[in-house]
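Notes follow once the structure below has been shown.
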Amino acid sequence: MTNPPSSHTATAATSAPEVDASAFASGTRSTGIQKRVLAGGSVGQFIEFYDFTLYALSAVTLAALFFPGESTAVGLLSTFATFGVAFLVRPLGGLFFGQLGDRIGRRKVLYITLLTIGVATCAIGLLPTYETVGALAPALLVVCRLLQGFSAGGESVGAPAFVFEHAPVERRGFWLNITISATALPSVVAGTLLLVLSRSMSDDAFSEWGWRIPFLLALPLAFVGLWVRARTEESEAFRQVLEKAEHKESSPLREAWRDNKVRMGQVIVVMGMTAMGFYFLSGYFVSYVQTSGDLSREQSLAVNAVAMLFYALLLPVGGMIGDRVGRKPMLVAGAAAIALAAVPCFMLVTSGSLPLAMLGQLLFVVPLCIYGGGCYTFFVEIFTTRTRFTSAAISYNVAYAAFGGTAPFVGTALVTATGIPGSPGYYVAAAALVVLVLLLTTRIPETRGRLH
Numbered sequence: 008m009t010n011p012p013s014s015h016t017a018t019a020a021t022s023a024p025e026v027d028a029s030a031f032a033s034g035t036r037s038t039g040i041q042k043r044v045l046a047g048g049s050v051g052q053f054i055e056f057y058d059f060t061l062y063a064l065s066a067v068t069l070a071a072l073f074f075p076g077e078s079t080a081v082g083l084l085s086t087f088a089t090f091g092v093a094f095l096v097r098p099l100g101g102l103f104f105g106q107l108g109d110r111i112g113r114r115k116v117l118y119i120t121l122l123t124i125g126v127a128t129c130a131i132g133l134l135p136t137y138e139t140v141g142a143l144a145p146a147l148l149v150v151c152r153l154l155q156g157f158s159a160g161g162e163s164v165g166a167p168a169f170v171f172e173h174a175p176v177e178r179r180g181f182w183l184n185i186t187i188s189a190t191a192l193p194s195v196v197a198g199t200l201l202l203v204l205s206r207s208m209s210d211d212a213f214s215e216w217g218w219r220i221p222f223l224l225a226l227p228l229a230f231v232g233l234w235v236r237a238r239t240e241e242s243e244a245f246r247q248v249l250e251k252a253e254h255k256e257s258s259p260l261r262e263a264w265r266d267n268k269v270r271m272g273q274v275i276v277v278m279g280m281t282a283m284g285f286y287f288l289s290g291y292f293v294s295y296v297q298t299s300g301d302l303s304r305e306q307s308l309a310v311n312a313v314a315m316l317f318y319a320l321l322l323p324v325g326g327m328i329g330d331r332v333g334r335k336p337m338l339v340a341g342a343a344a345i346a347l348a349a350v351p352c353f354m355l356v357t358s359g360s361l362p363l364a365m366l367g368q369l370l371f372v373v374p375l376c377i378y379g380g381g382c383y384t385f386f387v388e389i390f391t392t393r394t395r396f397t398s399a400a401i402s403y404n405v406a407y408a409a410f411g412g413t414a415p416f417v418g419t420a421l422v423t424a425t426g427i428p429g430s431p432g433y434y435v436a437a438a439a440l441v442v443l444v445l446l447l448t449t450r451i452p453e454t455r456g457r458l459h
């Protein structure tokens, strides 16, 4: 049963008539082009997050090579600050590529973003270290991270929007969550690769050149993604919008702000929670377990790889449930579960026991996937085709910059300042409570089944 649109939605629809996407993406059976779009979107998400996750998984090594000093904590803080730099430019990338995608098409933009992030990540694998060139080394690392962040600002939203506009209406949650689940697999692949390299060579060899291999692989992976995307095409709904004369003369940014500013604020709130949770899981726990949980690099990589694989398998299930019960019930249930589970999970992760550390991460995955069953479709479903890329890219990337990119830094700073290993769990729990209250007390709409 389709929920009636809110008054705000009706107003926006009146001012900007939209093509009925159901005419092109209805039913439950998938065409060949739809399946290729799903594959192309998923491959791009895998490569983007491979590049981002690889940096976080290598944080302890990068801290020693690019930010050497007497204090391990200071080196990690510097490394995670550089990690966060990429998120600061993601909104700018989202703004640039979002408008471009709403003007010339999602497919063309996704070529550019994928190639750029592949080149930037490969370049990190070629950088000289602090010992070789001094302060120039971290400066170059920052430049590469800025390029990664700028291109990811378009890729992270363009791929889900592209898949969404091709997906069968009744299965949008499942399709979108398959695409997003590809963001978890890089942790498994990159973590396993780092683990194999770490175990197959001496510590000196790994620090000298072994760590570079996974970064260098990013460029050939990008070319694979480009090949897959070359076999896709724009959705019929978007082509109809693009052909309208007034759309060619309009400003996607101006229209997005005029029609969607309330919705964009809602997306920032909703996606901020999942950004924080995901980057604690994928970008922080490996270093966290080593420094606060007293496990080895190999143990921490193995535990996190298992947790991320579990996330990749469970997230599409959350999307399927969201297709049946709606997006908002999943958001409410997920936020409540995160608030309850965060502190115990972080305490288990830092227990110093390998089985308990794994249990803590697996338990943390469950509420994230419940919440993900609503949020990953909500953030593109709430916007209309006309300005979807621009609106979603700006709000999504602001959320990820504010709450995702800062998560590893905040976690490290809290542990350093308080001396309490589980202190980041209280931060996550408090954030989840705030989001839960906003979900229950504000007019965040149900979007399941919307046709635009």
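The sequence shown begins at 8 in our numbering and counts up by one.
The beta carbon of each residue, even a glycine, is placed where N, CA and C say it ideally should be.
- Distance from the Cα of Gly-91 is smallest, within the candidate group Gly-290, Val-310 and Lys-268, for Gly-290.
- If you draw a straight line from the Cα of Glu-172 to the Cα of Met-327, it comes to about 17 Å.
- In terms of Cα proximity to Thr-357, the closest of Ala-63, Val-310, Arg-331 and Ala-70 is Val-310.
- Spanning the alpha carbons of Ala-88 and Gly-39 requires a straight line of approximately 43 Å.
- Cα atoms of Thr-128 and Leu-69: separation of roughly 14 Å, rounded to the nearest angstrom.
- In terms of CA proximity to Cys-151, Thr-123 leads the group Met-354, Val-235, Phe-104 and Thr-123.
- By a beta-carbon distance limit of 8 Å, Ser-194 contacts Ala-312. Their separation comes to about 6 Å.
- Assignment of Val-81 by DSSP, reduced to helix, strand and coil, places it in the helix class.
- Annotated three-state conformation of Trp-264 is helix, per DSSP.
- Cβ neighbours of Gln-41 within its own chain (closer than 6 Å, five residues either side excluded): His-173.
- When C-beta atoms of the segment 262-274 are compared with those of the segment 156-163, fewer than three pairs fall below 8 Å, so the two segments do not count as touching.
- Judged by DSSP in its simplified three-state form, Val-96 adopts coil rather than helix or strand.
- In chain order, Leu-202, Ser-205 and Arg-206 place their CB closer than 7 Å to the CB of Glu-305, counting only its own chain and leaving out the 5 sequence neighbours on each side.
- The C-alpha of Gly-418 lies about 21 Å from the C-alpha of Val-96.
- Taking a 10 Å sphere around the C-beta of Arg-113, we find 16 or more other C-beta atoms and assign the residue as buried.
- For the set Pro-75, Arg-450, Ala-191 and Gly-82, the Cα lying nearest the Cα of Lys-335 is the one of Arg-450.
- Boundaries for Trp-218: no alpha helix (DSSP H) harbours it, and the DSSP string shows neither H nor E there.
- Boundaries of the alpha helix (DSSP H) harbouring Glu-138: 137-140, taken from the DSSP string.
- In the structure shown, the three-state DSSP call for Gly-300 is coil.
- Within the same chain, Gly-367, Gln-368, Leu-370, Phe-371 and Gly-432 come within 8 Å of Cys-352 by CB-CB distance, once the 5 residues on both sides are set aside.
- For Leu-133, the secondary structure class from DSSP, reduced to helix, strand or coil, is coil.
- Annotation note: the segment 39-64 contains the following uninterrupted alpha helix (DSSP H) runs of length 4 or greater, listed N- to C-terminal: 39-64.
- The beta carbon of Pro-374 lies closer than 6 Å to those of Gly-341, Ala-344, Ile-345 and Ala-348 in the same chain, with the five residues before and after it left out.
- Ranked by Cα distance from Gly-379, the options Trp-216, Met-283, Val-116 and Met-354 are led by Met-283.
- Under the 8 Å Cβ criterion, the segment 129-136 does not count as touching the segment 181-191, having fewer than three qualifying pairs.
- The criterion of a C-beta distance shorter than 8 Å is satisfied by Thr-454 and Phe-385.
- With fewer than 16 other Cβ atoms inside 10 Å of its own Cβ, Ile-111 counts as exposed.
- Taking C-beta atoms as the reference points, Val-170 and Trp-182 count as a pair closer than 8 Å.
- For Val-435, the CB contacts under 6 Å within the same chain, skipping 5 residues up- and downstream, are Ala-349 in chain order.
- In the three-state reduction of the DSSP assignment, Tyr-434 falls in the helix class, which pools H, G and I.
- Pairing Ala-424 with Asp-301, the inter-Cα distance amounts to about 18 Å.
- The three-state reading of DSSP puts Ile-427 in coil, since its state is none of H, G, I, E or B.
- Residue state for Met-337 is assigned as helix, using DSSP reduced to three classes.
- The Cβ-Cβ distance between Ser-430 and Val-422 falls below 8 Å.
- Within the segment 312-393, the complete alpha helix (DSSP H) segments of 4 residues or longer fall at 334-356 and 361-388, listed in chain order.
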